[in-house]
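Colleague: I am attaching a structure below and will ask some questions about it afterwards.
So this is what it looks like as structure tokens:
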């Protein structure tokens, strides 16, 4: 593996996307601050903003991949001493790494605010994790579509499909008693339903990224 | 380094084929000797860019062998690309970043980056490192791309239509810089264009490509020596003979124009002996040679 050049490409992606990363962290922390105002309205508004921050950064990062092709930067990158699969590796590593920065920061901040301030009961933690993993899975789907589809159309389609499914997923999740029944509890309850949902989400992340890598590695024509 | 490699060749294509739904590259054979400038001329859609993408390993050929600087492509593309500088008309830099950022990015990858030469090029091209790419004109963007390619001092330059869309002044500046770069005799260049004037100005060797086939390839001087246009007066009752080396005759009344791709003084004598009068023997420009060559090739294929 051409690790030095792949590393430079990842560094380049960080430089191109760091404003987005910082902005999403700022927006998410601001949303958590609104939650801390401790009224029902601010709790709802703050929670919605919090998830919007996660969803937006998960949409915007893969748009960068599509734009690299659309704006013809790809020919510039592929003139460098890398193969197409090394480019894919750099994209998967940089995108996932960059997404993880705000995701981990905000999820940890949310867990901390639940644990310390107690605005929400601790029983809501499994629901928070299930909901927070949804934009992560969505990010993987959009990244996969952007890399494999090689067109703006596929990226937009994946974006629309994911964004419209979050509301639906939440709607159905609210109707799963095993998930919702302990949300108001003072202690965290991990039942089998919650663990299955979390497990499925966690399994989808490497699966989607792995399939993307596999499909890209078999392509014969890249630019 | 691959076995059976011809050390005197920077680029070696043998029987390279690539099939798409509506276009095919058909058994491309191409040699670019070390230290030579090869002009690859073809109309739009002739296969120039596909050939170049195969050379860079970005497109995998269906059949045939491609070697660049001795490396088999696409298998050894990573090693090969350390020594290849590639710029194309459809290549774009990151609009939101400055030229200086791009220079730092390329410098971080290539240990061969020559910072002093980069500064010379900045000055010569009238560019500012602090300027964002989105604020540059098309000509400045092309110059920026060339700066990034030239300052890394590649052994092989592959330029795909670099002068397309440039104003005459920018074209002149870029061609002058390329000519200077060629003073380094170890460096080889493949320069593709549909602009024959640009190619004629800087190339040693010229290859014509049309509809996915190489139709002719030789050194520039040989082209200019071998191709002639003979203007003839044909008295009534005289029929022009079919002569080897004449690829086309266009006759209107008593006047005829014969195009020769292997001109010898004997051809004029043969026409005179048949009763025709040779009014003039004209040199042809590279553009005229290209157009006649493409037309002749298409006639042959259709026949």
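Chains as they are written, first to last, in the numbering used here: chain C, 23 to 245; chain E, 121 to 423. Using N, Cα and C, we set each Cβ at its ideal position, and we do this for glycine too.
1) Who are the neighbours of residue 30/C on chain E, taking C-beta pairs under 8 Å?
2) Can the beta-carbon of residue 342/E be found closer than 7 Å to that of residue 334/E?
3) Which value, in whole angstroms, describes the spacing of the CA atoms of residue 43/C and residue 406/E?
4) According to DSSP, is residue 427/E helix, strand or coil?
5) Output, in chain order, the set of chain C residues within a Cβ distance shorter than 7 Å of residue 267/E.
6) Measure the C-alpha to C-alpha separation of residue 32/C and residue 261/E and round it to an integer number of angstroms.
7) According to a CB-to-CB cut-off of less than 8 Å, which residues of the region 159-183 of chain E neighbour chain C?
8) Where are the alpha helix (DSSP H) runs, 4 residues long or more, that stay fully inside the region 243-294 of chain E, in chain order?
9) Alpha carbon to alpha carbon, how far is residue 174/C from residue 178/E?
10) Given a cut-off of 7 Å, decide if residue 162/E and residue 330/E are closer than it, judged by their beta-carbon atoms.
11) Whose C-beta lies closer than 6 Å to the C-beta of residue 309/E among residues of the same chain, with five residues either side of it excluded?
12) For the alpha helix (DSSP H) that contains residue 416/E, what are its first and last residues?
13) What are the partner residues of residue 328/E, as DSSP defines its beta bridges?
14) Going by C-alpha distance, which of 356/E, 192/E, 225/E, 382/E is nearest residue 376/E?
15) Where does residue 132/E fall in DSSP's three states?
16) Give the DSSP-derived three-state secondary structure of residue 236/E in the structure shown.
17) Check whether the Cβ atoms of residue 137/E and residue 145/E sit closer than 7 Å, and answer yes or no.
18) Strictly under 7 Å for the Cβ-Cβ distance: is residue 349/E near chain B by that measure?
19) As a quick exercise: from 166/C, 38/C, 47/C, pick the residue whose alpha carbon is nearest that of residue 73/C.
20) Determine the closest residue to residue 218/C out of 83/C, 245/C, 195/C, with distance taken between C-alpha atoms.
21) Would you mind reading off the limits of the beta strand (DSSP E) that contains residue 108/C?
22) Does any residue of chain E have a CB that is nearer than 7 Å to the CB of residue 89/C?
23) With three or more C-beta pairs closer than 8 Å as the rule, is the region 208-227 of chain E touching the region 245-260 of chain E?
24) Using a C-beta cutoff of 7 Å, does residue 44/C count as contacting chain E?
25) Under 7 Å Cβ to Cβ from residue 134/E, same chain only, skipping five residues before and after it: list those, please.
26) For residue 122/E, is the classification buried or exposed, using 16 other Cβ atoms within 10 angstroms of its Cβ as the cut-off for buried?
27) Could you name the residues of chain E that residue 94/C contacts, counting a contact when the two beta carbons are closer than 7 Å?
28) Among the residues of its own chain, which have a CB less than 6 Å from the CB of residue 298/E, if the five just before and after it don't count?
29) Tell me whether the beta-carbon of residue 254/C lies closer than 7 Å to the beta-carbon of residue 214/E.
30) Looking at residue 186/C and residue 177/C, is the spacing between their C-beta atoms short of 7 Å?
31) Could you have a look at residue 127/E and say whether DSSP puts it in helix, strand or coil?
32) So residue 352/E and residue 378/E are supposed to be a Cβ contact under 8 Å. How far apart are they, rounded?
33) Would a C-beta distance cut-off of 7 Å place residue 210/E and residue 189/E closer than the cut-off?
34) Assign residue 243/E to one of two classes, buried (16 or more other C-beta atoms within 10 Å of its C-beta) or exposed (fewer than that).
35) For residue 402/E, which three-state DSSP category applies?
36) Who pairs with residue 184/E in a beta bridge, going by DSSP?
Modeller: Here's the rundown:
1) Residue mapping note: residue 30/C aligns to position 8 of the first chain, counting from 1. Per Cβ cutoff of 8 Å: 225, 228, 229.
2) Position 222 of the second chain holds residue 342/E. Position 214 of the second chain holds residue 334/E. For residue 342/E and residue 334/E, no; Cβs fall outside 7 Å.
3) Counted from its first residue, the first chain places residue 43/C at position 21. Counted from its first residue, the second chain places residue 406/E at position 286. Whole-angstrom Cα-Cα distance: 55 Å.
4) Lying before the first or after the last residue shown, residue 427/E is absent from chain E, which here runs from 121 to 423.
5) Counted from its first residue, the second chain places residue 267/E at position 147. Residues of chain C passing the Cβ test: none, with the nearest at roughly 13 Å.
6) The residue labelled residue 32/C in the question sits at position 10 within the first chain. The residue labelled residue 261/E in the question sits at position 141 within the second chain. Each residue's alpha carbon lies about 24 Å from the other.
7) 173, 176, 177, 178, 179, 180
8) 258-270
9) Residue mapping note: residue 174/C aligns to position 152 of the first chain, counting from 1. Residue mapping note: residue 178/E aligns to position 58 of the second chain, counting from 1. Each residue's alpha carbon lies about 20 Å from the other.
10) Here residue 330/E refers to the residue found at position 210 when the second chain is read from its first residue. Here residue 162/E refers to the residue found at position 42 when the second chain is read from its first residue. Yes, they are a contact pair.
11) On the second chain, position 189 is the one that residue 309/E refers to. Closer than 6 Å at Cβ, skipping near neighbours: 157, 277.
12) Here residue 416/E is taken as the residue at index 296 of the second chain, counted from 1. Counting along the chain, the alpha helix (DSSP H) containing residue 416/E begins and ends at 406-422.
13) Against the second chain, residue 328/E aligns to sequence position 208. 161/E, 336/E.
14) Sequence index remark: in the second chain, residue 376/E carries index 256 (1-based). The shortest Cα separation from residue 376/E among 356/E, 192/E, 225/E, 382/E belongs to 356/E.
15) As a working mapping, residue 132/E is identified with position 12 in the second chain. Residue state, collapsed to three classes: strand.
16) Here residue 236/E is taken as the residue at index 116 of the second chain, counted from 1. Helix at residue 236/E.
17) Position 17 of the second chain, counted from the start, is the residue given in the question as residue 137/E. Position 25 of the second chain, counted from the start, is the residue given in the question as residue 145/E. It is a contact, given that the beta carbons lie within the stated cut-off.
18) Among the protein chains in the structure shown, which are C and E, there is no chain B.
19) The residue given as residue 73/C occupies position 51 in the first chain. Taking only the C-alpha atoms, the option nearest residue 73/C is 47/C.
20) Locating residue 218/C in the first chain gives position 196, counting from the first residue. Closest option to residue 218/C, Cα to Cα, is 195/C.
21) By one-based count along the first chain, residue 108/C stands at place 86. Taken as a continuous stretch (DSSP letters only), residue 108/C belongs to no beta strand (DSSP E), being part of the alpha helix (DSSP H) at 106-138.
22) Translated into positions along the first chain, residue 89/C becomes position 67. Residue 89/C does not count as touching chain E.
23) yes
24) Your numbering for residue 44/C matches position 22 in the first chain. It does not; no Cβ of chain E falls within 7 Å.
25) Taking the second chain and counting its residues from 1, one reaches residue 134/E at position 14. Cβ within range, chain order: 149, 184, 185.
26) Here the question's residue 122/E lines up with position 2 in the second chain. Bear in mind that a pLDDT of 49 at residue 122/E, under 50, signals an unreliable position, so the number given afterwards is only what the model happens to contain. Label assigned to residue 122/E: exposed.
27) Reading the first chain from its first residue, position 72 is the one you call residue 94/C. Simply 210, 211, 212.
28) If you number the second chain from 1, residue 298/E lands on position 178. Hits under 6 Å: 322.
29) Because chain C is modelled from 23 through 245, residue 254/C falls outside the range shown and cannot be assessed.
30) Along the first chain, read from residue 1 onward, the residue named residue 177/C stands at position 155. Along the first chain, read from residue 1 onward, the residue named residue 186/C stands at position 164. No, Cβ-Cβ distance for residue 177/C and residue 186/C is not below 7 Å.
31) Counting from one through the second chain, the residue named residue 127/E turns up at place 7. It is coil, neither helix nor strand.
32) Here residue 352/E refers to the residue found at position 232 when the second chain is read from its first residue. Here residue 378/E refers to the residue found at position 258 when the second chain is read from its first residue. Indeed, because the Cβ distance is near 6 Å, the residues count as touching under 8 Å.
33) Indexing the second chain from 1 puts residue 210/E at position 90. Indexing the second chain from 1 puts residue 189/E at position 69. Not in contact: residue 210/E and residue 189/E (Cβ atoms no closer than 7 Å).
34) Position 123 of the second chain, counted from the first residue, corresponds to residue 243/E. Classification of residue 243/E: exposed, given that the 10 Å Cβ count is below 16.
35) Counted from its first residue, the second chain places residue 402/E at position 282. Residue state, collapsed to three classes: strand.
36) The sequence position of residue 184/E within the second chain is 64, counting from 1. According to DSSP, which records beta bridges pairwise, residue 184/E is partnered with nothing at all.
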